Each structure stands twice: as structure tokens, then as C-alpha cells.
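Q: Chains as they are written, first to last, in the working numbering: chain A, 2 to 268; chain B, 127 to 544.
Below you'll find the structure I mean.
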Amino acid sequence: MNRRSWTLNLAAAVLYAFLYAPIVVVIVYSFNSARFGGAWTGFTTEWYRTLLSNSTALAAAKNTLLLGVFSTVISTVLGTLLAFGLSRYQFPGRGLFARLLFVPVFIPDVVLAVALLLTYSLVRSWTGFLELGLGTMILAHVTFQIPFVAIVVRSRLAGLDSSLEEAARDLGASEWRTFRHVTLPLILPGVLAGAMLAFTLSLDDFVVSFFTSGPGSTTLPILIYSSVKRGITPDINALSTFIILASIGGTVLVALLQHLRAPGSRR
Amino acid sequence: MVAQPKSASFLFSGSAIFVTRKPVQHDSQGSPSRGSVPAIEASGLVRRFGHVEALAHVSLSIRQGEFFSLLGPSGCGKTTLLRLIAGLDLPDAGTLRIGGVDVAEIPAHLRPVNTVFQSYALFPHLTVRENVAFGLRMKKVPPAQIAERVARVLALVQVTGLEDRRPAQLSGGQKQRVALARAVVNEPQVLLLDEPLGALDLKLRKQLQVELHQLQRRLGITFIHVTHDQDEALVMSDRIAVMNDGRIEQVDRAEVIYERPRTRFTAQFIGSCNLIQGRVTADDGQTVSIESPMGPLRIPRPPADPEPRNLMPQGGAEPLAKPRCQETRRLSPGFAVAAAIRPEKIGLTRAGECPSESCVNARIEGLVYSGAETQYRLRVGGQTLTAVVLNAARHEPFHPGETVICSLPETALVLLDD
């Protein structure tokens, strides 16, 4: 191995240590038997057991899953339709709409969260609906998920040969059946990648959830935040480890789905 | 006793011909009676893309059961015209009838036409069988019938044993056949082919040209075939429309297009052609005499076309093509004209006899030998002509610098419209 690649490898190692050391620390300390402090006192899986018997944590996990699944399903359908409309129909202001799609992606979470909270309380004062809780959280998550889903699906649609859809219409398929039988199956990897991205974002979200949650709708990130205020406990490390694993799983799935080539190009 | 049925069938066939020449007849329900109706009838079709007119007032009538080619260079509007017929694009002006029915309000998926796309556009996520069955599935044909028809059409295009493959696992020629099967299985009134052989190598292309032609004969479906390949159009078509710059230059049978081109564009796009500029000295209605750099030439006007011109729109609103100067106008002396002659129609001999009406001395400037024939570059009266001579060893080959007698037979000369 020559000198140059040796320094490169070292730089890479330092960089990855910088990125992943905190994560590794959390995972390692979730197995530390010491209840307080940073000293390693021995290996234990006790914290995972206490976590599984902790009803608050389980309720928060359930909320997190409900929030993730519902918001992902809604935002995937809406985001896919949005991407389809933007890439397949001509209408005035199309370019502007396509650009506006990126704005929520760049707006700081905390700004979006405040804006959503304000909007919901305004609507509530007029109509009496939108009591803060899991419902408003789902609505809020859908808001920030849609652009991500639409952007991922749109890039997949852009790579789709439009003559395939023309061929379907030529063969007697109406617009809906063309979408159902040709477009959707071909962009499905993009749609699933968008959904996984949306789900992961929902799972990890703290700021927007914190602002739009109500009593009884605590999610895991919110639970961790409020527990940490009372000091970091080992069962929080165990909980964090679960969330890390779920996020890594989601990210890997997104990557796999995005690299799926058009079905049919493989056996 | 023997003569009677004969004359009866003669009468019958005579009246059948008469029927096909009659204008569109509508019955009391207003639907056109089939058989008498052109497969495609376009009049005044215009399609603009921004400031570009892809189709500039195109009118055309295509008969039922005809193998019709739209021939022209890329960007001439031929594919645009095909897309208008398929319903994948809409005209800015003009009307289009398919089988006598105005299709302005009929979307692509309800039109009785199917397309073989240039890129084949086979669905990558479906197998060969599912691809071919797609159109029938959309029409809700019962599954048993779908299976039977798919099998039959795959046998027809000679793709068997590949039913469960995906398009990515097929060769170019196989994809082409599957694309053809996918369209033909729907038994459309009109089959549209957009450069169907463009992506194939020469040998396969030649083979499929013949197969396509035979398939069309067997099915009796009207084929409209878009191509930029003049050989392909000449080999396969009953009639050809030569297109240029969004307009139709000439519509006729292949041999008429080749032998009697009407415009410079047609003359030079199809095959190679010598153009001779000249001025009219006399026109007696049968023959036009011109004075050219090659000396005086006499050019007979073409015989009256045995077929009806097929260029008048239904209702006879306006002529669909500019009038042909060969047929209509007497040309006044001094009028500048151009005449065309194909290189292989020019005769070359050594000193002595003149084999045709007009002969001039020519100097051989260069030659290209290509096996079966030799192409000579000739200098005649300040102009360069190209002549192609079959190497049939009737005489010693000519050499550069040699002076030969170049004969321009009257019947090979064609007066152009522009």
C-alpha cells in the first residue's frame, strides 16, 4: 500500500469515527450495568428488560409507530400524485409549483413547527376542530413528508420512457388504467423509497412532534427528551438503540429501493 | 350457359370497383358504409410546436388495405402525422377521419388504430405474453380467448418459446416482432409503424421488410409506415407520400415516385438524380422543348394518370396539392424550368451512333467502380452529370479524360414543378 492511500485511509477512519462514535457509545452503554455515571461496570441486558416492562415507553413506541405508519401512507399517496401531476401534465405555473416543492425541505424544522402550531390553533379557534394530539401530529408529519416523497418519485418518473405510457394508451388503456398497469408498477421502487424516507423522517422527528403533540400523544423522541432532562439513564440508551436500528433499517431499505433498476432488466 | 355466370361475376366486380370510387356514403344512421370509405382521410391538418409548423396544412387520403409509407427526412413531420392519427397528439387545425369517422373527439385509447413504436416501447415489467395480451386485457376480452389469440399472433410473427421472457432478454429483432404482435393482436383498422426497422442491422432489416410486406398482405389491414429510408419505402409500399418541411410533396405508387418525381426534393431525396436547368422554347401540349446547357432537349409530358388522383378532398373544397405543370399549364417560351434524369437512364457510348433522340459529347471526369456497376462523373456543356452504367461488359470501360457520347432519352427526362 502506498503512502497516499495510507493517509487517505486514516482520514476516512477519523471521519467515520467522528460520525459514528457517538452512536456506538449509546449502543455500548445500553449494555452497561451501572445505573448512574459513565464508568463501565459490566455487561447487562437488564435495561432492555426494564424498557419492555415500562408502560410509558411502550405507549410512546405505539404512538410513534401509529404516527409513522399513518403519516407515511397519506404522504406517499399524496406525494406520488403530486409528482405525477407535476411531471405529466402541462398547466400554467407548473415550473413555479415544482420549485415551491423544495421550500418546505429547506425551511428549518422549528419554523415549520411554530407555523403549524399557529395554524392549527387558528383553525381550532374558528371551527373547534384540530385539538392537539396524534391527529395534528399526523397532519404535521404529512406536511413535511410530502415534498420528500414527491421529489423522490419525480426523479423516478423523469427517468421513465414516456413512450411506454403512450403505448399503453395506444393499446386501449384509459389514463387511469395506464397509471395503474404501466406507470405505477414502473415507478414503484421510487414510491417505496419515498415512503421509507417519509417513515424514517417521521420516526426521527422531534421538533415538529414536540410542538404539535397533545396530552397522551408522546412519541419516543419526546419521551427521550423529557427523560434526559432528569439525567441520562441506561434504559434511555436502550431505547435510543432501538430507534437507531429502526432508522438504519429504513435508510438501507431506501438505498436498496432506489438502486433497484427497472423491473425486467434483471431476471 | 358457361358465359352467363362469367359475365355476372364480371358485372359484380365492375360494380365493386365502381363502389370503391364513389365518395363516402352515409346510411340513414349517419355511419359510413365500410369498404367505400378511405381508411384515413386528413384534410388541412396543422400542428405547430412554438413557431415551427411541424405539419403545414397536410391533406391525404389512404385507402383501406393499403401499405402506405410516409417518407421524408427527419423533422419533415411524418412522425407528427402518425401521432395525430394515433391520437397521441392533437392537431391545431384540420380534420381527421379514420374509417369515415371524425376522430377529433376520440381519445387515443378508443381509436381503432395501434402503433408499433420506434423504440418498441415494450413494457419492461411484463413478459412477452403479457405484453401481447395487454391490449386485449384492456378491452376485457375473456382470458381463454386472449390466450388463444396471443398464441396465434406470436406464431404469426414467428416468436414462439419466448412467451415468459421479459423484453430485456430479447434481441432487437425479437423485440421488433413482439412489438408488432402486440399491435396486430388487437386487429386494428389501421396499423401505424414508426420507423419499425430503424434500430435493426441491415440484413435483419431486409428480411423484416419482406416479412412485414407479406404480413400486411395476409392480414389485409391498412399499414401506415413512417420511414426516412427510401429503399425501404420503395420495397414495401403500395403508395408513398414524400414529405418535406411539414408538407406533402407527392403521393403516388413507388414506381411513379421514382420514375416521375414532381419536385426537386422528391427527385433528389429518392435515389440520386441529375437536374438540368433550361428555358422553354416551345410547348405543344404533348412535348416541351427546352434549351439547356446540354443543347436542345424535348421532354414529353407524362401520360394521363390511369388512377384517379386521390388528391381532391371530400366535398372538393380545395385542391390538396399544387397543380402539376406537366398536366395543366402550357409553358410560355423563355420560362425557366428544371428537368430530372436518373443516372442509370443516361446512356454512354463511344463515337458513332446515337441511341436516342438527344445526344451530346461528354468528357469523363472521374469514375467510381462498385462491382456490378460503375458510376461516371461527366462534364457536359459546363455542367456535371452523373451516369451509372452496369458492368455487363458490352464495351471496354471508359477512362477519365475520354470523350464519349452521352444520350439523354426523351422518356427518361422528367419536367419538375419547381
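Beta carbons are placed, not taken as given, at the ideal position from N, Cα and C, and that holds for glycine.
For clarity, every value in this text was computed on a predicted model and none was experimentally measured.
Mind checking B/Y384: buried by the 16 CB within 10 Å criterion, or exposed?
A: Taking the first residue of the second sequence as 1, we reach residue 384 of chain B at position 258. Looking at its Cβ environment, which holds 16 or more other Cβ atoms inside 10 Å, B/Y384 is buried.
Q: Considering only residues of the same chain and omitting the five flanking positions on each side of B/A230, which have a CB-CB separation below 6 Å?
A: Along the second sequence, one-based indexing puts residue 230 of chain B at 104. There are no such residues.
Q: Check whether chain B comes within 8 Å of A/V154, counting only Cβ atoms and requiring the distance to be less than that.
A: Taking the first sequence and counting its residues from 1, the one referred to as residue 154 of chain A is at position 153. Chain B, which has no Cβ nearer than 8 Å to the Cβ of A/V154, makes this no.
Q: Closest to B/G497 by CA distance: which of B/A219, B/E483, B/T529 and B/P523 is it?
A: As a working mapping, residue 497 of chain B is identified with position 371 in the second sequence. The residue with the shortest Cα to Cα distance from B/G497 is B/P523.
Q: B/S200 and B/H354 look like a contact to me (Cβ under 8 Å); what is the Cβ gap, rounded to whole Å?
A: Here residue 200 of chain B corresponds to residue number 74 of the second sequence, with the count starting at 1. Here residue 354 of chain B corresponds to residue number 228 of the second sequence, with the count starting at 1. About 6 Å; that satisfies the 8 Å criterion.
Q: From the DSSP secondary-structure annotation, give me the bridge partner or partners of B/H351.
A: Within the second sequence, residue 351 of chain B is the residue found at index 225, counting from 1. In DSSP, B/H351 forms a bridge with B/S195 and B/L319.
Q: Does the Cβ of A/W41 have 16 or more other Cβ atoms within 10 Å, making it buried, or fewer, making it exposed?
A: If you number the first sequence from 1, residue 41 of chain A lands on position 40. By the neighbour-count rule (16 or more Cβ atoms within 10 Å), A/W41 is not buried but exposed.
Q: Do A/D162 and B/L214 have their CB atoms nearer than 8 Å?
A: Residue numbering aside, residue 162 of chain A sits at position 161 when the first sequence is read from its first letter. Residue numbering aside, residue 214 of chain B sits at position 88 when the second sequence is read from its first letter. Going by C-beta atoms, A/D162 is not nearer than 8 Å to B/L214.
Q: Out of curiosity, what's the CA-to-CA distance linking B/A518 and B/L457?
A: Your numbering for residue 518 of chain B matches position 392 in the second sequence. Your numbering for residue 457 of chain B matches position 331 in the second sequence. A straight line joining the alpha-carbon of B/A518 with that of B/L457 spans about 40 Å.
Q: Across which residues does DSSP place B/E167 in a beta bridge pair?
A: Locating residue 167 of chain B in the second sequence gives position 41, where the first residue counts as 1. Answer by DSSP bridge pairing, in chain order: B/S187 and B/R223.
Q: Flag B/L323 as yes if its beta-carbon sits less than 8 Å from any beta-carbon of chain A, otherwise no.
A: Indexing the second sequence from 1 puts residue 323 of chain B at position 197. Chain A contact via Cβ: absent.
Q: How many angstroms separate the CA atom of B/T389 from the CA atom of A/G86?
A: Here the question's residue 389 of chain B lines up with position 263 in the second sequence. Here the question's residue 86 of chain A lines up with position 85 in the first sequence. Using only the alpha carbons, I get a separation of about 46 Å.
Q: Just the C-alpha distance for B/Q300 and B/G176, rounded to the nearest angstrom, thanks.
A: If you number the second sequence from 1, residue 300 of chain B lands on position 174. If you number the second sequence from 1, residue 176 of chain B lands on position 50. The alpha-carbon atoms of B/Q300 and B/G176 are separated by roughly 38 Å.
Q: What whole-angstrom Cβ distance do B/R206 and B/R173 have, given they're in contact under 8 Å?
A: Reading the second sequence from its first residue, position 80 is the one you call residue 206 of chain B. Reading the second sequence from its first residue, position 47 is the one you call residue 173 of chain B. It should be noted that the sequence gives Thr, not Arg, for residue 206 of chain B. Contact between B/T206 and B/R173 is confirmed by a C-beta separation of about 5 Å, below the 8 Å threshold.
Q: CA-CA distance, A/D110 and A/L204?
A: Counted from its first residue, the first sequence places residue 110 of chain A at position 109. Counted from its first residue, the first sequence places residue 204 of chain A at position 203. So the alpha carbons of these two residues sit roughly 14 Å apart.
Q: Going by the CB atoms, is the gap between B/R405 and B/I416 shorter than 8 Å?
A: Residue numbering aside, residue 416 of chain B sits at position 290 when the second sequence is read from its first letter. Residue numbering aside, residue 405 of chain B sits at position 279 when the second sequence is read from its first letter. Yes, these two residues count as a Cβ contact at 8 Å.
Q: For B/T529, is the classification buried or exposed, using 16 other Cβ atoms within 10 angstroms of its Cβ as the cut-off for buried?
A: Position 403 of the second sequence holds residue 529 of chain B. Classification of B/T529: exposed, given that the 10 Å Cβ count is below 16.
Q: Here's the rule I'm using: 16 or more other beta-carbon atoms within 10 Å means buried, otherwise exposed. How should B/K471 be labelled?
A: Against the second sequence, residue 471 of chain B aligns to sequence position 345. Its Cβ being crowded by 16 or more others within 10 Å, B/K471 is buried.
Q: Between the C-alpha atoms of B/L306 and B/V242, what's the straight-line distance to the nearest angstrom?
A: Start at 1 with the first residue of the second sequence, and residue 306 of chain B comes out as number 180. Start at 1 with the first residue of the second sequence, and residue 242 of chain B comes out as number 116. C-alpha separation (whole angstroms): 6 Å.
Q: Kindly indicate which three-state DSSP category B/M264 falls into: helix, strand or coil?
A: For the purposes of this step, residue 264 of chain B is taken as residue 138 along the second sequence, with counting starting at 1. B/M264 falls in the helix class under three-state DSSP.
Q: Can a CB atom of chain A be found closer than 8 Å to the CB of B/H351?
A: Looking up residue 351 of chain B in the second sequence gives position 225. For B/H351, the answer is no, since every Cβ of chain A falls outside 8 Å of its Cβ.
Q: Residues in the same chain with beta-carbon distance under 7 Å from A/N64, minus the five sequence neighbours each way, listed in chain order, please.
A: Numbered from its first residue, the first sequence carries residue 64 of chain A at position 63. Apart from the 5 residues on each side of it in sequence, A/N64 sits with its Cβ closer than 7 Å to the Cβ of L135, S218, T219 and T220 in its chain, given in chain order.
Q: When DSSP labels each residue in this structure, what does B/I531 get in the three-state scheme?
A: Within the second sequence, numbered from 1, the residue matching residue 531 of chain B stands at position 405. If DSSP states are grouped into helix, strand and coil, B/I531 belongs with the strands.
Q: Chain A beta carbons: is any one of them nearer than 8 Å to that of B/L234?
A: Indexing the second sequence from 1 puts residue 234 of chain B at position 108. Before going on, a small fix: residue 234 of chain B reads as Ala here, not Leu. Taking Cβ atoms only, chain A reaches closer than 8 Å to B/A234, which makes this a yes.
Q: For A/F98, count the other beta carbons within 10 Å of its own beta carbon; 16 or more makes it buried, fewer makes it exposed. Which is it?
A: If you number the first sequence from 1, residue 98 of chain A lands on position 97. Counting Cβ neighbours within 10 Å, A/F98 comes out exposed, since fewer than 16 surround it.
Q: Alpha carbon to alpha carbon, how far is B/D544 from B/L423? Give it in angstroms, no decimals.
A: Residue numbering aside, residue 423 of chain B sits at position 297 when the second sequence is read from its first letter. Residue numbering aside, residue 544 of chain B sits at position 418 when the second sequence is read from its first letter. If I take the Cα positions, the gap works out to 18 Å.
Q: Taking B/L423 as the query, report the chain A residues whose CB atoms sit under 8 Å from its CB, ordered along the chain.
A: If you number the second sequence from 1, residue 423 of chain B lands on position 297. The premise fails here: B/L423 is roughly 50 Å from chain A at the closest Cβ pair, so nothing lies under 8 Å.
Q: Quick check on the DSSP output: the alpha helix (DSSP H) that includes B/A307 runs from which residue to which?
A: As a position in the second sequence, residue 307 of chain B is number 181, starting the count at 1. That run of the alpha helix (DSSP H) goes G298 to V310.
Q: Are any of the Cβ atoms in chain A nearer than 8 Å to that of B/D543?
A: As a position in the second sequence, residue 543 of chain B is number 417, starting the count at 1. B/D543 does not count as touching chain A.
Q: Decide if B/L446 is buried, meaning its Cβ has at least 16 other Cβ atoms within 10 Å, or exposed.
A: Stepping through the second sequence from its first residue, residue 446 of chain B is reached at position 320. For B/L446, the predicted model reports a pLDDT of 41, less than 50, meaning its position is unreliable; a value from the coordinates is still stated below. Buried, by the Cβ-count rule.
Q: Per DSSP, what kind of secondary structure is B/E499 in: helix, strand or coil?
A: On the second sequence, position 373 is the one that residue 499 of chain B refers to. Assignment of B/E499 by DSSP, reduced to helix, strand and coil, places it in the strand class.
Q: According to DSSP, is A/D205 part of a helix, a strand, or is it coil?
A: Within the first sequence, numbered from 1, the residue matching residue 205 of chain A stands at position 204. In this structure, A/D205 counts as helix in the three-state DSSP scheme.
Q: Who are the near neighbours of A/F212 in its chain, counting only those whose CB is closer than 6 Å to its CB and skipping five residues on each side?
A: Here the question's residue 212 of chain A lines up with position 211 in the first sequence. Closer than 6 Å at Cβ, skipping near neighbours: A114 and L118.
Q: Along chain A, in chain order, which residues have C-beta atoms closer than 7 Å to that of B/K204?
A: The sequence position of residue 204 of chain B within the second sequence is 78, counting from 1. Under the 7 Å cutoff, chain A gives no residues; its nearest Cβ is about 16 Å from B/K204.
Q: If you run the structure through DSSP and keep just helix, strand and coil, what is B/R427?
A: Counting from 1 along the second sequence, the entry for residue 427 of chain B is found at position 301. Here B/R427 sits in coil by DSSP.
Q: What are the residues in the segment 239 to 270 of chain B lying within 7 Å of chain A by C-beta distance?
A: N240, T241, F243, S245, A247, F249, P250, H251, F260, G261, M264 and K265
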